[in-house]
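Enquirer: Taken in order, these protein sequences are the chains called F and X.
Position in the first sequence counted from 1, then plus 523, gives you the numbering used here.
Position 85 of the second sequence, counting from 1, maps to 80 under the numbering used here, and the rest follow consecutively.
C-beta: ideal position from N, C-alpha, C; glycine also.
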Amino acid sequence: QSALTQPASVSGSPGQSITISCTGTRWDVGGYDYVSWFQQHPGKAPKLIISDVNDRPSGISTRFSGSKSGDTASLTISGLQPEDEADYYCCSYTGSSQYVFGTGTTLTVL
Amino acid sequence: EVQLVESGGGLVQPGGSLRLSCSGSGFSFRSDWMQWVRQVPGKGLLWVSRINSESTSTNYADSVKGRFTISRDNAKNSLYLQMTGLRAEDTAVYFCTTSGGDYRSPRFAFWGQGTLVSVSS
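1) Apart from the five residues just before and just after residue 109 (chain X), which ones in its own chain have a Cβ nearer than 7 Å to its Cβ?
2) Are three or more beta carbon pairs between the segment 572 to 581 of chain F and the segment 620 to 627 of chain F nearer than 8 Å?
3) DSSP on residue 35 (chain X), reduced to helix/strand/coil?
4) With a threshold of 8 Å between beta-carbons, can residue 33 (chain X) be considered close to chain F, or not?
5) For residue 621 (chain F) and chain X, any beta-carbon pair shorter than 8 Å?
6) Just to make sure I have the definition right: I need the residues of chain F whose C-beta is within less than 9 Å of the C-beta of residue 90 (chain X). Which are they?
7) Looking only at its chain, what residues have a beta carbon closer than 8 Å to the beta carbon of residue 14 (chain X), apart from the 5 residues adjacent to it on each side?
8) Could you tell me which chain X residues have their CB closer than 8 Å to the CB of residue 615 (chain F), listed as they occur along the chain?
9) Please name the residues in the segment 570 to 599 of chain F whose beta-carbon is closer than 9 Å to at least one beta-carbon of chain X, in chain order.
10) Which term fits residue 50 (chain X), buried or exposed, when burial requires 16 or more other beta carbons within 10 angstroms of its beta carbon?
11) Taking the straight line between their C-alpha atoms, what separation do you get for residue 82 (chain X) and residue 58 (chain X)?
12) Name the chain F residues that come within less than 7 Å of residue 54 (chain X), Cβ to Cβ?
13) What are the boundary residues of the beta strand (DSSP E) that includes residue 591 (chain F)?
14) Near residue 539 (chain F), which residues of its chain fall below 7 Å by C-beta distance, leaving aside the five closest residues on each side in sequence?
15) Compute the distance between the beta-carbons of residue 589 (chain F) and residue 560 (chain F), then report whether it is under 8 Å.
16) If you measure from the beta carbon of residue 548 (chain F) to each beta carbon in chain X, is any gap under 8 Å?
17) Which chain X residues sit within Cβ distance under 9 Å of residue 557 (chain F)?
18) Between the alpha carbons of residue 596 (chain F) and residue 624 (chain F), how many angstroms are there, rounded?
19) Starting from the beta carbon of residue 626 (chain F), find every residue of chain X whose beta carbon is closer than 7 Å, and list them in chain order.
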């Protein structure tokens, strides 16, 4: 099972918006509306920020939003804040009753 | 407060075995699918295995199939990962996480702090 493809890095200035893409195949991202996004700060466990493509868990800022088109899911962070600087991972259910994570994206807030 | 606490990591020689444990509290452990996810330090996340609430369904990543066995004891609110035939590439921090009652959604809402497994001679 190959990892989903994410850009290695993205950057933005405080207040700006950024979008991170997550590209898979019809056997994972394209086949199911079961894509989650996780934020991970150094030395910490991942934190769920989006589930089921565009559902925000309780307590997650409305600045985080998700979407999907075809085989590509996207995470948008609006109104960037310094604390958003972290690694971000997508994850999708697959047709083999498995899960696959993305390659990860490092967000730098300039 | 939800808590997941992993234990059992350590240094093991190639070909050796290790059993990881994860103790859960503060949520409906016996109702939830449970998962193991690993991360090589400085690298990305890799899903390893999952088990349903009644232990009647298990799934594994291709890279560990036949070598790792996931199990649980709901009476003890505990999740386990028996690892055999360990390889250098299994070196990673192993996290346990929950995904609620849905068997497809990767809604991994709660995570432990992880336990480090090092495979080296």
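Expert: A quick look at the data gives this:
1) The answer, listed in chain order, is 1, 88, 89, 90.
2) They do not touch, by the three-pair rule.
3) DSSP, read as helix, strand or coil, puts residue 35 (chain X) in coil.
4) Chain F, which has no Cβ nearer than 8 Å to the Cβ of residue 33 (chain X), makes this no.
5) Among the residues facing chain X, residue 621 (chain F) is included, as its CB has a counterpart in that chain under 8 Å away.
6) Neighbours of residue 90 (chain X) on chain F, chain order: 568, 569.
7) Counting only Cβ-Cβ distances below 8 Å, and skipping sequence neighbours, we find 3, 75, 76, 77, 78.
8) Chain X residues near residue 615 (chain F): 101.
9) Taking a C-beta cut-off of 9 Å against chain X, the contacting residues of the segment 570 to 599 of chain F are 570, 571, 574, 575, 578, 580, listed in chain order.
10) Burial call: exposed.
11) For residue 82 (chain X) and residue 58 (chain X), the distance between alpha carbons rounds to 11 Å.
12) Ordered by position in chain F, the residues that pass the 7 Å Cβ test against residue 54 (chain X) are 620, 621.
13) Note, residue 591 (chain F): beta strand (DSSP E), 587 to 592.
14) Excluding residues within five positions, the ones whose Cβ falls inside 7 Å are 603.
15) Taking 8 Å as the Cβ cut-off, residue 589 (chain F) and residue 560 (chain F) qualify as a contacting pair.
16) Among the residues facing chain X, residue 548 (chain F) is not included, as its CB has no counterpart in that chain under 8 Å away.
17) Listed along chain X are 97, 99, 100, 101, 102, each with a C-beta nearer than 9 Å to that of residue 557 (chain F).
18) Residue 596 (chain F) and residue 624 (chain F): Cα-Cα distance of roughly 12 Å.
19) Residues of chain X passing the Cβ test: 39.
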